[in-house]
Amino acid sequence: QVQLVESGGGLVQPGGSLRLSCAASGSIFRPYVMGWYRQAPAKQRELVASLASGGSTNYADSVKGRFTISRDNAKNTVYLQMNSLKPEDTAVYYCKLTGRNTYWGQGTQVTVSS
């Protein structure tokens, strides 16, 4: 069984930065894809960024150039560095592991507001 625990959300002003973390515990087998998703009120959950076990990354057009996904294999942790945040980035952010099975974290709230 794999558990994913997100952290790092909070309230930030427009133009600010946050770094989200997703710590994974349990046995994780390659190949896999780690993804960050977000869901704003009354909207569908959408992919923000993903990182495959082989190293390839993918970003939503709305965050390209502002967000960066990365990982620390020693800590079994995936990060989402978010810069130049905008009010429209406000959402609950979830991490997802897709491998032999699919796992979701509990989510962390990001609010961008002045």
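Counting from 1, position 44 in the sequence shown corresponds to residue 50 in our numbering; the numbering is continuous, with no gaps.
C-beta atoms are modelled at their ideal positions from N, C-alpha and C, and glycine is treated no differently.
Within the region 26-51, the runs of beta strand (DSSP E) that reach at least 3 residues and sit entirely inside it are, in chain order, 39-45.
Residue state for Ala-66 is assigned as coil, using DSSP reduced to three classes.
Checking the DSSP bridge columns, you'll see Thr-104 partnered with Val-39 and Thr-108. Contact between the region 94-113 and the region 32-42 is present: three or more C-beta pairs spanning the two stretches fall below 8 angstroms. Only exposed fits Gly-60, as fewer than 16 other CB atoms lie within 10 angstroms of its CB. The alpha-carbon of Cys-28 is positioned some 10 angstroms away from that of Lys-81. In terms of Cβ geometry, Leu-57 and Val-116 do not form a close pair [threshold 9 angstroms].
Rounded to the nearest whole angstrom, the CA to CA distance from Thr-108 to Glu-12 is 16 angstroms. Beta bridge pairing from DSSP links Asp-78 with Thr-83.
The continuous stretches of beta strand (DSSP E) do not include Glu-94, and DSSP gives it neither H nor E.
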